[in-house]
Amino acid sequence: MTTGKDRFGWTLTGIAGFISFVAFTAWGGSPTETNLGLFWLQAGLFLLVICAFVLAFWHLLIRPLAPNLRQPQTSPLTFRAREVLALILASGGIATFIGGVWDELWHRRYGIPFGEDLFWRPHLLMYFGFATAIACGFWALIYLNRQLRGNFQQRFRSNTAVGLLILNAAFLLYALPADPLWHWIFGEDITAWSIPHLILLLSFVLTQLLALQLNVSTQPQQQWRGIFGLRLRDSLSLVILAAIQLLWLQIMLIDWDASLAGFPPEALGLYRPEWLLAANLLACVTFTGVLATRLLRCAGAATAAGLLALVIRVGLIQLFDADMLQFVAWLAALLPLFAIDLWAYTCSAIQKREPDWRGTAAAVIVAMTMNALVIRSLYSLGDADNVAYAASIIITGLGMSWFANRVTDTLLLQHKATAEPTSEGQPSKPAVSFGILGVFLVFIFFFIVTATPPV
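Quick note: the sequence shown, position 29, residue 1021 per our numbering, numbers continuous.
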């Protein structure tokens, strides 16, 4: 049952989401020759579609059933189905963030305009990543119609994972054509913060959340442990969390990274204050850090995922021989991630309780305060507005900590409902999963090294 405090919190979340949408639309900029009325009309249409999906989610999964409808019995997917789906979605996530780095590099090196880049290899790799989620959604739709009973509300609630796979695929089918349509109407993007790119980032995060929930549901429920309690079966979850960080930070901090390579945002007439850099960084690490510690029940998992993301980022820079790409954001992310782990350890090992959102918020706010000098040094920032910086990290820390913990609470409830009836006699075989992932990574490597530059 949703409490009054939760309703108030979700109402504030909706307001914050609306304000963020408007703000990032403005910060993303519009082409100089664009009719501003048409630009904001198109942006409003995108927002309406997003609201329609939120309404569909509420109707199918949250809204109370009519009095004449029976509450459906939970019908979880089999262990193997969840294991395979998690692996497919995680593989798609890996392809997407590698393709994203490759795409950014080729655009910077070769400056290929829209139209000529639709079928180059970086885009093909990303298309494959999104196609995996769409394919899983179509499979889920077939499963829902053949295996589950009742109306759509009852079927979606009898297997939440199946329902979310369908909604996620439908959202992707809307988000993917939105990007070329946007280009067709308004021309080339000024920055990576165009509305379709941000919508694709949102769909990527949602897809990886599904992969994470499915993968965690194949593991037995754990007692709290330290970082040395991590096992091989936790590796795929860490890869998924690292994937979220890699694409999220790449897109949201790309303009500051570009300034280190000699492409300052001011040259395009863009406003990028320091506090926005800190807020974007903090939002990402708080969200992924809370998921890591609480879902894996490990004080140390947040730092482990952050270190993995940093290693992958540096590895990709070396693979592509791309000195123009940066890894400083992933370095700056480690301190707040460590603070989340430290708070989780304090609560779980000393106080013997679950980490609460207020303590997590305090931990990341203190960490980002200490991080201010590091960020200014790494990004060569000049004099900054300390009041604006402090306000941004306090608001972002409090808001994202509450939101991340509510999302994690929901995933933990799903884990409990799914794992209990299907956990017995189902040994996990992480070696098989990583063998398949290894073959997939070898294919991606050859796909990259055999690519012909578009010159």
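Virtual Cβ for every residue (Gly too), placed ideally from N, Cα, C. For clarity, every value in this text was computed on a predicted model and none was experimentally measured.
| Query | Result |
| --- | --- |
| Per DSSP, what kind of secondary structure is Arg1264 in: helix, strand or coil? | coil |
| How many angstroms separate the CA atom of Leu1136 from the CA atom of Thr1402? | 22 Å |
| Beta-carbon separation of Ala1297 and Ala1234 under 8 Å? | yes |
| Among Leu1239, Leu1274, His1051 and Glu1075, which residue has its Cα nearest to the Cα of Gly1121? | Leu1239 |
| Hey, how far is the Cα of His1115 from the Cα of His1099? | 11 Å |
| If you follow the alpha helix (DSSP H) that Thr1361 is part of, which residue opens it and which one closes it? | Trp1349 to Leu1370 |
| Tell me whether Phe1010 is buried or exposed, calling it buried when 16 or more other Cβ atoms sit within 10 Å of its Cβ. | exposed |
| From Gly1155, Leu1033, Trp1174 and Ala1184, pick the residue whose C-alpha is nearest to that of Leu1052; which is it? | Gly1155 |
| Whether or not the segment 1051-1066 and the segment 1132-1152 are in contact is what I'm after, with contact meaning three or more pairs of Cβ atoms, one per stretch, closer than 8 Å; do they touch? | yes |
| Opposite Gly1218 in the DSSP bridges: which residues? | Ala1291 |
| Residues in the same chain with beta-carbon distance under 7 Å from Arg1305, minus the five sequence neighbours each way, listed in chain order, please. | Leu1238, Phe1319 and Trp1322 |
| Does DSSP put Ser1012 in a helix, a strand or coil? | helix |
| Phe1395 by DSSP, collapsed to three states: which one? | helix |
| Let me confirm a value: Cys1128 is counted as buried when at least 16 other C-beta atoms fall within 10 Å, else exposed. Which label applies? | buried |
| For Ala1380 and Thr1388, I'd like the C-alpha separation in whole angstroms. | 12 Å |
| Are at least three pairs of beta-carbons, each pair with one atom in the segment 1199-1207 and one in the segment 1041-1058, less than 8 Å apart? | no |
| Measure the C-alpha to C-alpha separation of Gly1029 and Thr1295 and round it to an integer number of angstroms. | 45 Å |
| Is Gly1129 helix, strand or coil by DSSP? | helix |
| How about Leu1206 and Ala1275: are their beta carbons less than 8 Å apart? | no |
| According to the Cβ coordinates, are Phe1016 and Trp1174 closer than 8 Å? | no |
| Hey, how far is the Cα of Trp1390 from the Cα of Phe1111? | For the sequence presented, residue 1390 should be read as Leu rather than Trp. Cα-Cα distance, rounded: 42 Å. |
| Could you have a look at Ser1340 and say whether DSSP puts it in helix, strand or coil? | helix |
| Is Phe1111 helix, strand or coil by DSSP? | coil |
| Tell me whether the segment 1324-1334 and the segment 1306-1316 touch, counting them as touching only if at least three CB pairs, one residue from each stretch, are closer than 8 Å. | no |
| Beta-carbon within less than 7 Å of Ala1396's beta-carbon, same chain only, minus the 5 sequence neighbours each way: which residues are those? | Thr1278, Phe1279, Val1282 and Leu1283 |
| Please report the straight-line C-alpha distance between Thr1124 and Arg1398, rounded to a whole angstrom. | 27 Å |
| If we require 4 or more residues per run, which alpha helix (DSSP H) segments fall completely within the segment 1288-1335? | 1293-1311 and 1320-1324 |
| Could you pull out every residue in the same chain whose Cβ sits closer than 7 Å to the Cβ of Leu1193, ignoring the five residues on either side in sequence? | Leu1239, Trp1240 and Ile1243 |
| Whose C-beta lies closer than 6 Å to the C-beta of Trp1267 among residues of the same chain, with five residues either side of it excluded? | Ala1380, Tyr1381 and Ser1384 |
| Need the endpoints of the alpha helix (DSSP H) that Leu1140 sits in, please. | Premise fails: Leu1140 is in no alpha helix (DSSP H) and is neither H nor E. |
| When the Cα of Ser1393 is compared with those of Trp1349, Tyr1371, Ser1369 and Ile1357, which residue comes out closest? | Trp1349 |
| Determine, using beta carbons only, whether Tyr1371 and Trp1248 come nearer to each other than 8 Å. | yes |
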